[in-house]
Amino acid sequence: FIYENSAAYKYNFIDMPIVDEYAMVLRSYLQILFADLDLGKNKFHIKLSHDIDDIRRFNNIKNTFRTLGGDILKGKSVSLFRRSLKEWGKSYKNIEKDPYFLGIYELAKISKQYNMDSAFYFKTSAKSSYDTGYIINDSVKRCIYNLQDQGFEIGFHAGYYTFQNYERLKEEKEILDEVLCFKYYGGRQHYLRFDVDTTLKYWERVGFKYDSTLSYAEHEGFRCGTCHPFKPFDIDEDRELNLIEIPLIAMDGTLKVYRKLTPDEGLKSIIYLMNKCKEAEGVFTLLWHNTSIYRGWENWMDEVYIKSLNYNQELFII
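Start counting at 1 in the sequence shown, then tack on 687, and there's your number in this note's numbering.
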């Protein structure tokens, strides 16, 4: 279901947590009518999440030559070619020296510097046209356990074909269960693929704690009309699902790839949405991939991601 087919697009309210705003108005009237009524307040916070789509930039000969050739033909940069060649040499000898693998640790390092929590969602899907199919080998396990030792959350990034396939979803989760030695955690669907009739029901049945898929890849904002975690309601079965949905508000690729914004425009959009989430006393959920750090993403890391975290700190001072 793409953004252009949504009511939010038709009536231009994707940048409004419309459900939360109605709730805030209702709360203000209730407090006028019932002066002694204490409805409490929620504390705004930011939830950083990182989908680990791939752990290797140089995962095969074809991609390696495409990358190196692109540096010369498309990037027209000899220095970039030399740097990529050097990175390939390190990656060839040791997967843990690959730029994408190192990107995981870089995101963890930044989160520690800013005293932020981060959730890292790992994949276990088989290789396909839309899944890189990396294996949870000893190197990846060391990475996962290192992140856990630092206090970070580890979660699940479901493969491309799982959103309508219960058995496939279950099989992929069981692989991560064995690595983590526990079964109750959350995650997100690859490519934000979502079917209103199947996806959340399957996530509940498999035994996930929460999902954080609901967002439009084509446009940042409030797909759910709220920035508060909630329990989805199954209309067909007339019940709440035993699963929490944490709406995704913004994704790196949405800003740079889909919307083709400049870093300055991307930062302004994030700051606007963060302010909206603070006003609504909700959660600003941001997705930043480990592949969105180097090679064309450096400016976005410095001018958007880092500055967003700086602004988040300012919000707690204001």
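Even glycine gets a Cβ: it sits at the ideal position worked out from N, Cα and C. Since this is a predicted model, take the numbers as computed values, not measurements.
- CA-CA distance, residue 962 to residue 973, rounds to 14 Å.
- Looking at the DSSP output, residue 736 shares a beta bridge with 806, 974.
- Rounded to whole angstroms, residue 848 and residue 723 show a C-alpha spacing of 52 Å.
- The shortest CA-to-CA distance from residue 887 to any of 936, 799, 853 is the one to 853.
- Inclusion of residue 975 and residue 735 in the CB contact set at 8 Å is warranted, their separation being smaller than that value.
- By alpha-carbon distance to residue 690, the top candidate from 986, 902, 857 is 902.
- Between residue 743 and residue 817, the beta carbon gap of about 16 Å keeps them out of contact (Cβ cut-off 8 Å).
- The alpha carbon of residue 944 has as its nearest neighbour, out of 971, 905, 929, the alpha carbon of 905.
- Straight through space, the alpha carbons of residue 807 and residue 739 are spaced by roughly 7 Å.
- With a cutoff of 8 Å on beta-carbon distance, residue 737 and residue 794 are scored as near each other.
- Per the DSSP secondary-structure output, residue 897 pairs in a beta bridge with 931.
- Counting the other CB atoms within 10 Å of its CB gives residue 868 a total below 16, which places it among the exposed residues.
- In chain order, 873, 931, 933 place their CB closer than 6 Å to the CB of residue 897, counting only its own chain and leaving out the 5 sequence neighbours on each side.
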